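Visitor:
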Amino acid sequence: MLRRALFASLMAAVLSACGKSQQEASVVSGGKIDAKLKELGIILPEASTPIAAYTPYRVVDNLVYIAGQGPSNQGKLGRDFTTEQGYGFARDAGIGALSQLKKACDGDLDRVVQCVQIQGIVNCTADFTEQHLVINGCSELFRDLFGDRGLAARAAVGTNSLPVGFACEVITVFEIRT
Amino acid sequence: MERRTFFAAAGLSALAASVISSKASAQSTGKIDAKLAELGVEVKAAEAPVAAYVGWRKVGNLVYIAGQIPMGPDGLIKGTLGKNMTTADGYAAARSSGINILGQLKAACDGNLDRVKQCIQIQGLVNSADDFTEQHLVINGTSELFRDIWGEPGLAARAAVGTNSLPLGVACEVLAIFEIA
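Read top to bottom, the protein sequences are chains A and B.
Letter by letter, the first sequence follows residues 1 to 178 in my numbering.
Letter by letter, the second sequence follows residues 1001 to 1181 in my numbering.
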C-alpha cells in the first residue's frame, strides 16, 4: 500500500518530468512464450516506470540490459521475511523484468535467445545466508519460461539496504534476436 | 507447506552440488596454461552451480561468469572482513574466487585459455563489517591474479564493494566478464 502511494507520486513526478504519458502496454503477441506464461498463470503487468533518473532498459545490438526491478514488498530477509517469502518476492521482481523485456522485444518474447546474467540483491540481516535460495525465485521463473536457455550466469548477494526498502532487486541481461 | 519441502530439497541439492564438481575441461598446453604452472596456480574443474543457474554464458565474443565464491582446503572460505578476517585473509579469498572464475572461463573456452583477449569487468563483493573500508585491497586478490596471467589485458574495469552478507556466509563473491577470440 505504502509502495503504491509512493509509486503513484513518483510516477506522477516522472511522467510530468518526461512530459509524456506512459506508453501503452506492449503489443500482445500470440507467441510460444506468451502461451507458456498463460500456462504458468502469469499475467505480465504494465512495464513499470523508473523511480529515478534512469531508463528501464537499454538495447545494444542483441543484448538487453534491464534496470534493477523490485517486488511490491518492503522489508528484510532474516528479520521480516522467511526465505520462502523472499523466493516469492524474487519471482515478482523477475515478472517485472519480463514486462520490461517484452517491451524491449516489441511485444514478442519469442525473440529471447537466452538469459545471460542475473544479479540478485537481497535486503537482509547480517546473519542471513540464503540469498541464493531467495534469488532462485527469479531464476526458476525464467527456467520454467524459457527452459535451460533461461538459466543465467548468476550472482546472488546480500545487502543491508535497498531503495524504497525493497526486499530484493534483480538486474538482468538477455540476448534477443534482432 | 509445499514450498518448505522444496526448500529443504533445494538446500540438500545445493550442498550436494557444492561437493560434486564436474570433470575438468579438456586440458590444453597453451601459453596461459604454462603461465598458470609458473605461478603455481591449479585451475580446478568448474564448480557445479549451487542453485538454478549456469556457471557461464557466452554471447558473441563475451563470456559472463556467474558469481564465484572462495574455496579453501577445508571447503568454503567463510567470514566477515573487519570482524573475523583480515584484509590479507580476504585477499587470499578473492584470489581463490578468481581461480574459480578461471575454471569457468576455461570451460567456456573449450579448455583453451589462450583464446582470452581481455578481462572487461570484475565486480567484487566483500562480506564486511560496517567499519571495514578496504574492499579494494581485498579484491586485488582477483585483479592481481588476472594481471599476473594476462598482463595489462587482465586488468578489468572493476568495482569493489562491501555487503553485510553473502550466500552460505562466504567472505567474498566475484563476477567477471571476458572477451574471447
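All residues carry an ideal CB built from backbone N, CA and C; glycine is no exception.
All of these numbers come straight from a predicted model, not from anything done at the bench.
Using a Cβ-Cβ distance under 8 angstroms, would Thr58(A) count as near chain B?
Guide: A small correction: the amino acid at residue 58(A) is Arg; Thr does not occupy that position in the sequence shown. Not one chain B Cβ lies under 8 angstroms of Arg58(A).
Visitor: Give a yes or no on whether the C-beta atoms belonging to Ala67(A) and Cys115(A) are separated by under 8 angstroms.
Guide: Taking 8 angstroms as the Cβ cut-off, Ala67(A) and Cys115(A) do not qualify as a contacting pair.
Visitor: Kindly indicate if chain B contains any beta-carbon less than 8 angstroms away from that of Ser139(A).
Guide: Taking Cβ atoms only, chain B reaches closer than 8 angstroms to Ser139(A), which makes this a yes.
Visitor: Under a three-way DSSP split, which group does Cys138(A) fall into?
Guide: DSSP places Cys138(A) in helix when its eight states are reduced to three.
Visitor: So is Gly1072(B) buried or exposed if we call it buried at 16+ other beta carbons inside 10 Å?
Guide: With fewer than 16 other Cβ atoms within 10 Å, it is exposed.
Visitor: Would you list, in sequence order, the uninterrupted beta strand (DSSP E) runs of no fewer than 3 residues that lie entirely inside the region 1105 to 1132 of chain B?
Guide: Entirely contained in the region 1105 to 1132 of chain B, the beta strand (DSSP E) runs reaching 3 residues are, in chain order, 1116 to 1127.
Visitor: Does any CB atom of chain A fall closer than 8 angstroms to the CB of Ala1051(B)?
Guide: So, interface residue.
Visitor: Considering just the uninterrupted stretch of the beta strand (DSSP E) at Gln85(A), what are its terminal residues?
Guide: Gln85(A) -> not in any beta strand (DSSP E); alpha helix (DSSP H) instead, spanning Thr83 to Ala104.
Visitor: Can you tell me the Cα-Cα spacing of Gln22(A) and Thr49(A), whole angstroms?
Guide: Here the model assigns Gln22(A) a pLDDT of 36, short of 50, so the residue's position is not dependable, and the following value carries that caveat. Roughly 8 angstroms separates the two Cα atoms.
Visitor: If we cut at 8 angstroms on Cβ distances, does Trp1056(B) have a partner in chain A?
Guide: It does: the Cβ of Trp1056(B) has a partner Cβ on chain A nearer than 8 angstroms.
Visitor: Counting only runs of 3+ residues fully inside the region 1144 to 1176 of chain B, write out the beta strand (DSSP E) ranges in chain order.
Guide: You should have 1157 to 1163.
Visitor: Under 8 angstroms between C-beta atoms, does Gln69(A) make it to chain B?
Guide: No, Gln69(A) does not count as interfacial toward chain B.
Visitor: What residue range is occupied by the uninterrupted beta strand (DSSP E) comprising Lys1058(B)?
Guide: Element bounds for Lys1058(B): Trp1056 to Val1059.
Visitor: Could you name the residues of the region 107 to 127 of chain A whose beta carbon sits closer than 9 angstroms to any beta carbon of chain B, in the order they occur along the chain?
Guide: Flagged, chain order: Val113, Gln114, Cys115, Val116, Gln117, Ile118, Gln119, Ile121, Val122, Cys124, Thr125, Ala126 and Asp127.
Visitor: Any beta carbon of chain A sitting closer than 8 angstroms to that of Tyr1064(B)?
Guide: Closer than 8 angstroms to some Cβ of chain A, the Cβ of Tyr1064(B) qualifies, so yes.
Visitor: State buried or exposed for Leu40(A), treating a residue as buried only when at least 16 other CB atoms are found within 10 Å of its CB.
Guide: Flag for Leu40(A) reads exposed.
Visitor: Are the C-beta atoms of Thr159(A) and some chain B residue less than 8 angstroms apart?
Guide: Yes, contact with chain B.
Visitor: Taking 8 angstroms as the CB-CB limit, is Thr129(A) close to chain B?
Guide: Thr129(A) counts as touching chain B.
Visitor: Please classify Tyr1091(B): does DSSP put it in a helix, a strand, or coil?
Guide: Three-state result, Tyr1091(B): helix.
Visitor: What are the start and end residues of the beta strand (DSSP E) that includes Ile63(A)?
Guide: Strictly speaking, residue 63(A) in this sequence is Leu, with Ile absent from that position. Element bounds for Leu63(A): Leu63 to Gln69.
Visitor: Put Gly147(A) into one of helix, strand or coil per three-state DSSP.
Guide: Of the three classes helix, strand and coil, the one that applies to Gly147(A) here is helix, per DSSP.
Visitor: Determine, using beta carbons only, whether Leu133(A) comes closer than 8 angstroms to chain B.
Guide: Closer than 8 angstroms: yes.
Visitor: At a CB-CB cut-off below 7 angstroms, which residues of chain B make contact with Glu175(A)?
Guide: In chain order: Val1059.
Visitor: What distance in whole Å lies between the Cβ atoms of Gly1067(B) and Ala1174(B), which are believed to be in contact at a cut-off of 8 angstroms?
Guide: Ala is not the amino acid found at residue 1174(B); the sequence shown has Val there. That pair is a contact at about 7 angstroms.
Visitor: Looking at chain A, which residues of the region 1160 to 1171 of chain B have a Cβ within less than 7 angstroms of any of its Cβ atoms?
Guide: Flagged, chain order: Thr1163, Asn1164, Ser1165, Leu1166, Pro1167, Leu1168 and Gly1169.
Visitor: Whole angstroms is fine: what's the gap from Phe166(A)'s alpha carbon to Asn1100(B)'s?
Guide: About 31 angstroms.
Visitor: Please confirm if Gly1067(B) has its CB atom under 8 angstroms from at least one CB of chain A.
Guide: Output row for Gly1067(B): interface = yes.
Visitor: Give the DSSP-derived three-state secondary structure of Asn123(A) in the structure shown.
Guide: In the structure shown, Asn123(A) sits in a strand (DSSP, three-state: E or B).
Visitor: On the premise that Leu1125(B) lies in contact with Leu971(B), defined as a C-beta separation below 8 angstroms, what is that separation, rounded to the nearest angstrom?
Guide: A query on residue 971(B) cannot be resolved here, the shown segment of chain B reaching from 1001 to 1181 and no further.
Visitor: Measuring CA to CA, which of Gly147(A), Ser139(A) and Thr129(A) is closest to Lys1078(B)?
Guide: Among Gly147(A), Ser139(A) and Thr129(A), the Cα nearest to that of Lys1078(B) belongs to Thr129(A).
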